[in-house]
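Student: Sharing a structure with you now.
Number of protein chains: 2
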Amino acid sequence: MNSTFFFEKGVVMKKQFDERNLTMVMDFYELTMANGYFKDEDKERKVAFDVFYRKNPDNAGYAIFAGLEQIIEYIENLHFDEDDIEYLRGQGLFGEEFLAYLADFKFRGDIYSFPEGTIMYPNEPVITVVAPLLDAQLVETAILLQVNHQSLIATKTRRIVRSAKGRAVSDFGARRAHNMDAAVYGARAAYIGGAVGTATVLAGQMFNIPISGTMAHSWVMFYRDEFEAFKHYAENYPDATVLLVDTYDVVKSGIPNAIRCAKEVLEPMGKRLKGIRLDSGDLAYLSKKVRKMLDDAGLTDCKIVVSNSLDEWTIMSILEQGGCIDSFGVGERLITAKSDPVFGAVYKIAAVEENGVFQPRIKISENVEKITNPGLKKVYRIYDENKKAIADLIAGADEVVDLSKPYRYVDPVKPWKNRYFENCTAVELQQLVVKNGKRVMDRVSIDEIKKYVQDQLTDNIWEEEQRFENPHNHYLDMSPAYYDMKMSLLHKLTD
Amino acid sequence: MNSTFFFEKGVVMKKQFDERNLTMVMDFYELTMANGYFKDEDKERKVAFDVFYRKNPDNAGYAIFAGLEQIIEYIENLHFDEDDIEYLRGQGLFGEEFLAYLADFKFRGDIYSFPEGTIMYPNEPVITVVAPLLDAQLVETAILLQVNHQSLIATKTRRIVRSAKGRAVSDFGARRAHNMDAAVYGARAAYIGGAVGTATVLAGQMFNIPISGTMAHSWVMFYRDEFEAFKHYAENYPDATVLLVDTYDVVKSGIPNAIRCAKEVLEPMGKRLKGIRLDSGDLAYLSKKVRKMLDDAGLTDCKIVVSNSLDEWTIMSILEQGGCIDSFGVGERLITAKSDPVFGAVYKIAAVEENGVFQPRIKISENVEKITNPGLKKVYRIYDENKKAIADLIAGADEVVDLSKPYRYVDPVKPWKNRYFENCTAVELQQLVVKNGKRVMDRVSIDEIKKYVQDQLTDNIWEEEQRFENPHNHYLDMSPAYYDMKMSLLHKLTD
Numbered sequence: 111m112n113s114t115f116f117f118e119k120g121v122v123m124k125k126q127f128d129e130r131n132l133t134m135v136m137d138f139y140e141l142t143m144a145n146g147y148f149k150d151e152d153k154e155r156k157v158a159f160d161v162f163y164r165k166n167p168d169n170a171g172y173a174i175f176a177g178l179e180q181i182i183e184y185i186e187n188l189h190f191d192e193d194d195i196e197y198l199r200g201q202g203l204f205g206e207e208f209l210a211y212l213a214d215f216k217f218r219g220d221i222y223s224f225p226e227g228t229i230m231y232p233n234e235p236v237i238t239v240v241a242p243l244l245d246a247q248l249v250e251t252a253i254l255l256q257v258n259h260q261s262l263i264a265t266k267t268r269r270i271v272r273s274a275k276g277r278a279v280s281d282f283g284a285r286r287a288h289n290m291d292a293a294v295y296g297a298r299a300a301y302i303g304g305a306v307g308t309a310t311v312l313a314g315q316m317f318n319i320p321i322s323g324t325m326a327h328s329w330v331m332f333y334r335d336e337f338e339a340f341k342h343y344a345e346n347y348p349d350a351t352v353l354l355v356d357t358y359d360v361v362k363s364g365i366p367n368a369i370r371c372a373k374e375v376l377e378p379m380g381k382r383l384k385g386i387r388l389d390s391g392d393l394a395y396l397s398k399k400v401r402k403m404l405d406d407a408g409l410t411d412c413k414i415v416v417s418n419s420l421d422e423w424t425i426m427s428i429l430e431q432g433g434c435i436d437s438f439g440v441g442e443r444l445i446t447a448k449s450d451p452v453f454g455a456v457y458k459i460a461a462v463e464e465n466g467v468f469q470p471r472i473k474i475s476e477n478v479e480k481i482t483n484p485g486l487k488k489v490y491r492i493y494d495e496n497k498k499a500i501a502d503l504i505a506g507a508d509e510v511v512d513l514s515k516p517y518r519y520v521d522p523v524k525p526w527k528n529r530y531f532e533n534c535t536a537v538e539l540q541q542l543v544v545k546n547g548k549r550v551m552d553r554v555s556i557d558e559i560k561k562y563v564q565d566q567l568t569d570n571i572w573e574e575e576q577r578f579e580n581p582h583n584h585y586l587d588m589s590p591a592y593y594d595m596k597m598s599l600l601h602k603l604t605d
Numbered sequence: 111m112n113s114t115f116f117f118e119k120g121v122v123m124k125k126q127f128d129e130r131n132l133t134m135v136m137d138f139y140e141l142t143m144a145n146g147y148f149k150d151e152d153k154e155r156k157v158a159f160d161v162f163y164r165k166n167p168d169n170a171g172y173a174i175f176a177g178l179e180q181i182i183e184y185i186e187n188l189h190f191d192e193d194d195i196e197y198l199r200g201q202g203l204f205g206e207e208f209l210a211y212l213a214d215f216k217f218r219g220d221i222y223s224f225p226e227g228t229i230m231y232p233n234e235p236v237i238t239v240v241a242p243l244l245d246a247q248l249v250e251t252a253i254l255l256q257v258n259h260q261s262l263i264a265t266k267t268r269r270i271v272r273s274a275k276g277r278a279v280s281d282f283g284a285r286r287a288h289n290m291d292a293a294v295y296g297a298r299a300a301y302i303g304g305a306v307g308t309a310t311v312l313a314g315q316m317f318n319i320p321i322s323g324t325m326a327h328s329w330v331m332f333y334r335d336e337f338e339a340f341k342h343y344a345e346n347y348p349d350a351t352v353l354l355v356d357t358y359d360v361v362k363s364g365i366p367n368a369i370r371c372a373k374e375v376l377e378p379m380g381k382r383l384k385g386i387r388l389d390s391g392d393l394a395y396l397s398k399k400v401r402k403m404l405d406d407a408g409l410t411d412c413k414i415v416v417s418n419s420l421d422e423w424t425i426m427s428i429l430e431q432g433g434c435i436d437s438f439g440v441g442e443r444l445i446t447a448k449s450d451p452v453f454g455a456v457y458k459i460a461a462v463e464e465n466g467v468f469q470p471r472i473k474i475s476e477n478v479e480k481i482t483n484p485g486l487k488k489v490y491r492i493y494d495e496n497k498k499a500i501a502d503l504i505a506g507a508d509e510v511v512d513l514s515k516p517y518r519y520v521d522p523v524k525p526w527k528n529r530y531f532e533n534c535t536a537v538e539l540q541q542l543v544v545k546n547g548k549r550v551m552d553r554v555s556i557d558e559i560k561k562y563v564q565d566q567l568t569d570n571i572w573e574e575e576q577r578f579e580n581p582h583n584h585y586l587d588m589s590p591a592y593y594d595m596k597m598s599l600l601h602k603l604t605d
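Chains as they are written, first to last, in this note's numbering: chain A, 111 to 605; chain B, 111 to 605.
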């Protein structure tokens with residue numbers, strides 16, 4: 111992490127933003143269905159719902175799973191307040207018995223999930239909710255919304271971080287975020303995805319993320335001239351002076367005034383100019399020109415920060431042109447994931463309890479890729495001898511997957527081939543995180559999640575899956591027994 | 111409004127979601143600047159900041175201004191809690207005097223704004239904040255975030271509503287929204303933009319928006335067969351039965367089962383099947399086929415609702431192909447404004463008080479379109495005799511704009527031309543909404559805002575500005591005195 115532009119943090123007080131009751135953030139059909147289930151006493155039958163997605167954003171080779179911590183907080187806090195019940199009563203659709211049931215409602219299910227920060231791929235169950243039908247139905251919208259948003263931003267941020275080739279990337283996006291939560295949870299997801307920090311104060315306060323910030327154009331415009339503005343800032347923050355140099359004219363005015371400020375204001379105090387920021391114009395051209403002007407003035411240690419509608423493509427282009435940049439402030443295109451702003455995780459029923467046994471359910475579709483993976487199952491990540499993740503594997507929940515000897519699997523795209531994992535290890539990806547509605551997973555710090563992302567991408571994930579152009583598609587294989595079960599269900603339904 | 115799919119609402123309890131303290135949702139530089147201003151006693155000097163944007167999303171001819179109500183709530187509730195101060199102290203940058211000042215901080219300024227729902231155009235000041243420098247600086251991020259998000263979604267929704275040519279459009283987007291607020295405030299903005307309602311329960315509860323919802327695929331998959339699922343739903347909601355018919359096979363299974371449900375379950379109760387919903391496949395083709403099947407069965411009053419990654423372009427295409435559709439449920443592409451998810455309103459200093467007089471400030475840029483409009487000013491909408499808005503006009507705050515006789519104005523794109531408004535009327539667009547930090551504008555109901563949008567587009571805004579392809583660019587003219595002032599400032603700064 112390039113900490114140059116971040117201030118040291120002292121005591122941090124966690125702000126419990128998440129104590130909001132978010133129960134009513136749900137699609138109304140969750141309630142019309144719940145009421146229907148309730149009337150038939152179907153509500154107590156257990157079901158399993160899988161959360162999965164079908165396509166990586168930006169046609170990438172993978173995505174980053176984020177948002178789990180907020181899902182657990184939501185689940186634990188789930189309850190209908192008196193005014194919620196009153197509002198629902200006013201809809202004129204629900205009986206008093208159902209409303210009384212909701213008033214006492216607590217989520218009673220179990221939730222299995224990938225650890226937050228896991229590299230994930232299409233069509234595998236990232237989260238599985240096993241709960242009485244009514245409970246499982248009610249949490250659909252909020253779980254999807256949280257996974258979709260945070261995974262989207264973490265994944266997009268990782269692309270930008272990759273393009274910066276080791277230079278710092280910070281989130282500057284709050285003002286273009288899709289409202290308050292998008293700024294705050296977006297900053298969290300960006301940090302998980304590899305940003306070194308954020309400009310959004312509340313995100314720093316809630317999640318212990320480094321915050322940064324210096325000046326806007328308004329600072330420079332408020333004072334009668336640019337040098338006076340710079341001088342005033344340097345006197346206030348002699349240890350952290352980063353000057354915005356593009357309010358009038360970078361080359362003729364901004365940089366000469368910044369150099370003068372370094373010489374006349376900071377150096378007499380024994381201080382150095384920490385950095386300058388460019389927020390407009392041709393950043394490749396200007397950064398090279400500015401670097402030379404600073405170096406010629408002896409300010410070789412002065413960093414160059416740039417911002418202004420950046421994303422992975424503009425950053426790659428600037429660096430290919432030899433842009434002299436130490437740090438990128440990335441705003442609107444990160445915080446909205448502009449190039450592909452929809453993350454499409456879905457919540458599909460996979461199994462229904464009948465007389466104490468879970469029976470698989472499958473959703474057929476005209477589009478083959480929309481057919482779901484039925485039943486209770488486990489997902490394994492398969493590693494080769496070099497710890498590279500060569501595939502993920504779906505098997506039935508009760509199957510034993512023993513990789514101590516060659517293990518035959520089915521590639522569902524080419525099921526006729528006989529294939530084996532040899533000299534591999536398997537790690538089960540889902541863990542029990544909520545049991546009977548209560549958190550059983552320890553809280554994981556955001557820095558651990560961030561490190562987990564970084565470690566996987568460094569140690570386990572093929573470079574071929576990480577490149578932007580035509581990335582390798584990770585294999586999602588099946589155990590022979592699981593594949594046969596799915597095929598027989600399909601035959602039964604379509605015969 | 112097509113109310114077929116909306117349930118009647120009774121008592122509505124407003125949920126005060128906005129009682130959250132959102133003060134810390136700001137970029138950190140607002141605080142580093144505020145601290146700098148504070149130390150020099152500059153904090154009491156008044157300034158004027160303008161909120162404006164430079165480009166309509168989707169290269170459209172206009173945008174819809176939304177989010178004002180939330181801005182006023184934010185301003186009135188602005189305060190730093192004890193743990194906020196503690197967090198800021200921990201940053202190690204701020205003195206105790208400044209922190210004590212923040213602990214007692216209340217916003218002391220005035221805010222002028224277009225009425226919410228006003229059709230707006232690039233480069234005109236939609237909101238102007240006139241306040242002591244420190245106060246004006248601190249509210250930048252939250253104001254921009256709110257305007258940007260809600261205006262984005264209202265504007266995008268209007269495009270979708272336009273494409274539907276009078277058919278109902280509902281917001282189904284919560285699960286793909288950029289977190290909780292994006293779902294809730296997005297639903298509000300969508301309603302303002304012309305959606306007939308939302309599926310998001312909390313948005314209905316908070317803003318008195320009609321909510322709708324029927325069933326997901328999980329309902330159909332839970333039961334042993336599709337007819338049993340339909341029957342169960344119809345028995346629960348005989349007056350509001352809308353059946354999702356694409357879980358297995360629309361033509362072979364879904365519609366036959368829906369018709370059977372209408373005949374065997376609903377008709378014996380004296381009820382009619384309200385509608386069916388298609389959520390996948392070729393919606394143009396299927397809707398025509400389904401319409402015929404329903405009509406042949408005597409269900410001519412059964413409505414067809416469609417959803418599945420819709421936007422203005424897919425809807426236009428479906429309707430051009432003769433799709434038989436009564437109502438559109440629009441999700442991810444509405445709630446994320448997928449085609450152009452960044453609304454770029456900015457907050458620029460326009461004037462600074464010096465010895466009791468506001469002196470104009472201008473921001474120069476290499477890009478001519480990025481040069482700001484300086485000074486305290488008024489914005490007028492100019493209407494011709496037919497009440498069509500032919501231009502907007504910027505004049506100095508102290509100027510008298512008298513249109514009772516021909517009025518000479520300057521088109522800044524062609525300033526050499528002598529042009530006059532004749533037989534026109536002018537309406538000032540900004541109104542005082544906050545005075546000394548307190549709301550002075552009456553609350554406006556969301557239905558009034560929605561109607562105001564609709565009325566402007568019907569009565570005042572040229573069709574040529576509303577079309578999608580190459581819309582007419584609304585003129586933003588200037589009074590001669592204002593134009594001269596701007597030019598002389600530019601000369602002074604660039605000579």
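All C-beta atoms in this analysis are idealised placements derived from N, C-alpha and C, irrespective of residue type, glycine included.
(1) Beta carbon of A:GLY227, beta carbon of A:PHE159: below 8 Å?
(2) Mind pulling the chain B residues with CB within less than 8 Å of A:ALA309?
(3) Are any of the Cβ atoms in chain B nearer than 8 Å to that of A:TRP329?
(4) Find the nearest neighbour of B:GLN180 within the set B:PHE208, B:GLN256, B:LEU353, judged by alpha-carbon distance.
(5) I'd like to know if the segment 146-160 of chain A and the segment 421-434 of chain A are in contact, where contact means that at least 3 CB-CB pairs between them fall below 8 Å.
(6) Tell me A:ARG549's beta-bridge partners as DSSP assigns them.
(7) Kindly give me the distance between the Cβ atoms of A:VAL375 and A:ILE365, rounded to whole angstroms, as I take these residues to be in contact under 8 Å.
(8) Buried or exposed: B:MET379, going by 16 or more other Cβ atoms within 10 Å of its Cβ?
(9) Leaving out five residues on either side along the sequence, give the residues of the same chain with a beta carbon under 7 Å from the beta carbon of B:SER113.
(10) May I ask you to report which of helix, strand or coil DSSP gives A:GLN431?
(11) Less than 8 Å between CB atoms is the rule here; does B:GLN431 satisfy it with respect to chain A?
(12) Assuming B:THR267 and B:ALA305 make a contact with CB atoms under 8 Å, what is their CB distance in whole Å?
(13) Considering only DSSP beta bridges, list what B:TYR530 is partnered with.
(14) Indicate whether B:SER419 and B:ARG443 have their beta-carbon atoms separated by less than 8 Å.
(15) Would a check of beta-carbon distances place A:GLU374 closer than 8 Å to chain B?
(16) Using the DSSP secondary-structure output, state which residues sit across from A:ASP436 in a beta bridge.
(17) Just to confirm, are B:ILE445 and B:ASP291 a CB contact at a threshold of 8 Å?
(18) Pull up the DSSP beta-bridge partners for B:ALA536, would you.
(19) Taking 8 Å as the threshold (beta carbon to beta carbon), is B:ASP291 in contact with chain A?
(20) Fully enclosed by the segment 236-294 of chain A, which beta strand (DSSP E) runs are 3 residues long or longer?
(21) Checking the sheet assignment: what are the DSSP bridge partners for A:LYS156?
(22) Does the segment 477-493 of chain B touch the segment 521-535 of chain B, meaning 3 or more C-beta pairs lie closer than 8 Å?
(23) Buried or exposed: B:ASP512, going by 16 or more other Cβ atoms within 10 Å of its Cβ?
(24) Is the beta carbon of B:MET588 sitting closer than 8 Å to the one on B:VAL510?
(25) Please classify B:TRP329 as buried or exposed, where buried requires at least 16 neighbouring CB atoms within 10 angstroms.
(26) Report the residue from B:ARG272, B:ASP569, B:VAL543, B:ASP191 whose alpha carbon sits nearest the alpha carbon of B:ILE221.
(27) Output the boundary residues of the beta strand (DSSP E) element that contains A:LYS458.
(28) Does any residue of chain B bring its CB to less than 8 Å from the CB of A:MET134?
(29) If distances are taken between C-alpha atoms only, which option among A:LYS216, A:ASN258, A:LEU254 comes closest to A:LEU244?
(30) B:GLY466 CB to nearest chain E CB: under 8 Å?
Tutor: In short, the structure shows the following:
(1) Not closer than 8 Å, so no.
(2) In chain order: ASP137, PHE138, TYR139.
(3) Yes - at least one Cβ of chain B is within 8 Å of the one on A:TRP329.
(4) Of the candidates B:PHE208, B:GLN256, B:LEU353, the one whose C-alpha sits nearest the C-alpha of B:GLN180 is B:GLN256.
(5) No, the segment 146-160 of chain A is not in contact with the segment 421-434 of chain A.
(6) For A:ARG549, which the question treats as bridged, DSSP gives the partners A:VAL544.
(7) The C-beta distance from A:VAL375 to A:ILE365 rounds to 15 Å, too long to meet the 8 Å contact threshold.
(8) Exposed, since its Cβ has fewer than 16 Cβ neighbours within 10 Å.
(9) In this predicted model, B:SER113 has a pLDDT of only 32, less than 50, meaning its place in the structure is not dependable; the value taken from the coordinates is given anyway. Only residues of its own chain outside the window of five on either side were considered, and among them none has a CB closer than 7 Å to the CB of B:SER113.
(10) Annotated three-state conformation of A:GLN431 is coil, per DSSP.
(11) Proximity of B:GLN431 to chain A, defined by a Cβ-Cβ separation below 8 Å, is not satisfied.
(12) Indeed, because the Cβ distance is near 5 Å, the residues count as touching under 8 Å.
(13) Partner residues in the beta bridge of B:TYR530, as assigned by DSSP, are B:ARG518.
(14) Contact flag set, yes.
(15) Chain B contact via Cβ: absent.
(16) Looking at the DSSP assignment, A:ASP436 forms no beta bridge with any residue, so it has no partner.
(17) The answer is no: Cβ separation not under 8 Å.
(18) Looking at the DSSP output, B:ALA536 bridges to B:ILE492.
(19) At least one chain A Cβ lies under 8 Å of B:ASP291.
(20) Note on the segment 236-294 of chain A: whole beta strand (DSSP E) runs with a minimum of 3 residues are 237-242, 278-281, in chain order.
(21) Note: A:LYS156 sits in a beta bridge opposite A:PRO242.
(22) At 8 Å Cβ cutoff, the stretches touch.
(23) Of the other Cβ atoms in all chains shown, fewer than 16 fall within 10 Å of the Cβ of B:ASP512; this residue is therefore exposed.
(24) For B:MET588 and B:VAL510, no; Cβs fall outside 8 Å.
(25) The residue in question, B:TRP329, is buried, as its Cβ has 16 or more Cβ neighbours within 10 Å.
(26) Cα-wise, what sits closest to B:ILE221 is B:VAL543.
(27) 456-464 is the span of the beta strand (DSSP E), which, as asked, contains A:LYS458.
(28) Taking Cβ atoms only, chain B reaches closer than 8 Å to A:MET134, which makes this a yes.
(29) Out of A:LYS216, A:ASN258, A:LEU254, A:LYS216 has the C-alpha closest to the C-alpha of A:LEU244.
(30) In the structure shown, chain E does not exist; the protein chains are A and B.
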